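Have a look at the structure below before the remarks.
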Amino acid sequence: MTIAALARAEIRNLQSYQAAAVADDNVKMHANEAPAATGTGETDGLNRYPAPRPAALISLMAGYYGVAEGNVLVTRGSSEGIDLLMRSFCSAGRDNVLLTPPAFEMYQVYASIQGTRAISVPLQAERDFAVNTDLLLGSCDANTKLIFLCSPNNPVGTVIPRAEIVRILETRTAKSVVVIDEAYVEYSDTESLASLVTQFENLVVLRTLSKALALAGARCGAVIASTEILALLQSVLAPYAMASPVITSAERALTGMQLREALESVNTITAERERLRVELGNCATIERVWPSQANFLFVRFHDLAKVERCLADAGITIRIYAGNSELHNCARITIASATDNDRLLRALRSLD
Ligand SMILES: Cc1ncc(COP(=O)(O)O)c(C=O)c1O
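Numbering (the numbering used here), first residue to last: 17 to 368.
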């Protein structure tokens, strides 16, 4: 069986939209575009549809992620990659996906939109939020199409050991697609699993330019997987999905000086993360700070309501996890500039 057999029959049999291939210097009378741009400057060239497959950007991404160009699909943020996977693999009312909460909330949202049940195998709070691999594998059934693993995890910042992921990939070969969301991998001391997509046909790796590459406003990410999986996702993806200005910004972010600057700033942020982790650990208002491999720290306060009032007065917003019993009194704090991190520390110390 090939991995495509796991996809919805409607998607496997889809006659997807084919954009015409046109030489650059041809007179373009095929796409009902305006013959010239109006305005000047940033509107140049915007009278034309973008390339259906942005070849130069794909090539830069392939270089950065260390995979072949054929293993890269560019998407509008990695959020769109999650949505494409749900829509391609999960039949509403029949299939299910496996999630390990706490995790990025959009897995659950896109599963709900697709009418797909989510089986939850929570991370083990008492074991520093480690994945319970035995329980995870035991919870899959014949309709478990996708297993979402967030590593480093959002919101708790932990990394899943490579050996555990390989065990899941091997056990679920030809049964489930295993999606490793590596949105924060640049901030971690572990290697990306992207290069394993040629070894495991059921592996999908999600990457994004929104975090380490400082391009959240552009909405650009990548799905890295076998050509077979990418062909399915591509058929669901809107034609001309990536806007021309986004393609240009993403190409710049992956090139020369701008790329070097972004990677240097990852070092600054991870150093700030470690400084803040120690300093927060010394604040009387904080019960616990978990170690993190991402650009944020996950903490538990003694009295969250008091902290919320204090930070509201200080004009600082953090991400609160209130209603959930496991995450009771917890919050996720994004590492900001040293100045803003100090401002947070001053506000919290005022509660000591
Ligand atoms: C784990 C994780 N995956 C994916 C995303 C989505 O990123 P993008 O901006 O590429 O859609 C986020 C955003 O916060 C995230 O935390």
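C-beta atoms are modelled at their ideal positions from N, C-alpha and C, and glycine is treated no differently.
A quick note: this is a predicted structure, and the numbers were derived from the prediction, not measured.
1. Once the 5 residues before and after Gly82 are set aside, which same chain residues still bring their CB inside 8 angstroms of it?
2. Quick one: residues with CB closer than 6 angstroms to any heavy atom of ligand 1, in chain order, please.
3. Excluding five sequence neighbours on each side, which residues of the same chain lie with their C-beta closer than 6 angstroms to the C-beta of Leu246?
4. Can you tell me which of Arg188, Gly331, Ala259 puts its alpha carbon nearest to the alpha carbon of Glu58?
5. Which value, in whole angstroms, describes the spacing of the CA atoms of Phe312 and Ala287?
6. Count the other CB atoms within 10 Å of the CB of Ser192; is the residue buried (16 or more) or exposed (fewer)?
7. Spatial neighbours of Ala232 within its chain, please: CB distance less than 6 angstroms, with the 5 preceding and 5 following residues excluded, ordered by chain position.
8. Quick one: what's got a C-beta closer than 6 angstroms to Asp368's C-beta in the same chain, skipping five residues either side?
9. Assign Gln215 to one of three DSSP states: helix, strand, or coil.
10. Output the boundary residues of the alpha helix (DSSP H) element that contains Gly154.
11. Please look up how many angstroms separate the CB atoms of Glu303 and Phe317, rounded, as I've assumed it's under 8 angstroms.
12. Measuring CA to CA, which of Glu142, Ala269, Glu244, Arg276 is closest to Ala72?
13. Mind reading off the beta-carbon distance from Asn170 to Val194? Whole number of angstroms is fine, and I expect it under 8 angstroms.
14. To the nearest angstrom, how far is it from the Cα of Glu96 to the Cα of Leu360?
15. With a cut-off of 8 angstroms, do at least 3 Cβ pairs link the stretch 176–183 to the stretch 338–358?
16. Alpha carbon to alpha carbon, how far is Ala37 from Gln250?
17. Considering only the alpha carbon of each residue, which of Arg69, Val172, Arg24, His46 lies closest to Ser104?
18. Which residue from Gly79, Tyr256, Ser155, Met102 puts its Cα closest to that of Arg69?
19. Just verifying my parser: in three-state terms, what is the DSSP assignment at Thr333?
20. Pick from Val137, Cys326, Thr350, Ala158: whose alpha carbon is nearest that of Arg293?
21. According to DSSP, Arg316 sits in a beta bridge with which residue or residues?
22. Note down, in chain order, each residue of its chain lying with its Cβ closer than 7 angstroms to the Cβ of Arg133, except the 5 sequence neighbours on either side.
23. For the stretch 161–170 against the stretch 115–126, are there 3 or more C-beta pairs whose distance is under 8 angstroms?
24. Do Ala78 and Glu342 come within 8 angstroms of each other at the CB atom, strictly closer than that value?
25. Using the beta-carbon count (16 or more within 10 Å), is Leu364 buried or exposed?
26. Would Pro168 pass as a contact of Ala310 if the rule is Cβ separation under 8 angstroms?
27. Keeping to the same chain, check which residues put their C-beta closer than 8 angstroms to that of Ala50; ignore five residues upstream and five downstream.
28. Can the beta-carbon of Ser265 be found less than 8 angstroms from the beta-carbon of Arg289?
29. Determine the extent of the beta strand (DSSP E) in which Ala238 is found, giving its start and end residues.
30. Return the bridge partner residues of Ala134 from the DSSP annotation.
Taking the definition as stated:
1. Around Gly82: Ser208, Ala210, Ser211.
2. In chain order, the hits are Gly93, Ser94, Ser95, Phe120, Cys166, Asn170, Asp197, Ala199, Thr224, Ser226, Ala232, Gly237.
3. Excluding residues within five positions, the ones whose Cβ falls inside 6 angstroms are Leu89.
4. When only C-alpha atoms are compared, the closest one is Ala259.
5. Distance between Phe312 and Ala287, taken at the CA atoms: about 12 angstroms.
6. Under this definition Ser192 is a buried residue.
7. Excluding five sequence positions before and after Ala232, the CB atoms of its chain that fall closer than 6 angstroms to its own CB belong to Ser226, given in chain order.
8. The beta carbon of Asp368 sits closer than 6 angstroms to the beta carbons of Ala300 from its chain, once the five residues preceding and following it are set aside; these are given in chain order.
9. Assignment of Gln215 by DSSP, reduced to helix, strand and coil, places it in the coil class.
10. It spans 149–155 - the alpha helix (DSSP H) in which Gly154 sits, taken as one unbroken run.
11. So it is a contact: roughly 6 angstroms between Cβ atoms.
12. It is Ala269 whose Cα lies nearest to the Cα of Ala72.
13. About 18 angstroms; that fails the 8 angstroms criterion.
14. Cα to Cα, the separation comes out at about 33 angstroms.
15. Contact annotation: the stretch 176–183 does not touch the stretch 338–358, with fewer than three C-beta pairs closer than 8 angstroms.
16. C-alpha separation (whole angstroms): 16 angstroms.
17. For Ser104, the nearest C-alpha among the options comes from Arg24.
18. Of the candidates Gly79, Tyr256, Ser155, Met102, the one whose C-alpha sits nearest the C-alpha of Arg69 is Tyr256.
19. Three-state DSSP puts Thr333 in coil, outside helix and strand.
20. The residue from Val137, Cys326, Thr350, Ala158 with its alpha-carbon nearest to that of Arg293 is Thr350.
21. By DSSP's assignment, Arg316 forms a beta bridge with Arg304, Cys346.
22. Taken in chain order, the residues that qualify are Asn112.
23. Touching, yes.
24. In terms of Cβ geometry, Glu342 and Ala78 do not form a close pair [threshold 8 angstroms].
25. Per the 10 Å Cβ criterion, buried.
26. Yes, these two residues count as a Cβ contact at 8 angstroms.
27. Here Ala50 has Asn63 as same chain residues with Cβ atoms under 8 angstroms from its own Cβ, once five neighbours each way along the sequence are excluded.
28. For the pair Ser265 and Arg289, the CB atoms are not nearer than the 8 angstroms cut-off.
29. First-last of the beta strand (DSSP E) with Ala238: 237–240.
30. DSSP lists Val113 as partners of Ala134.
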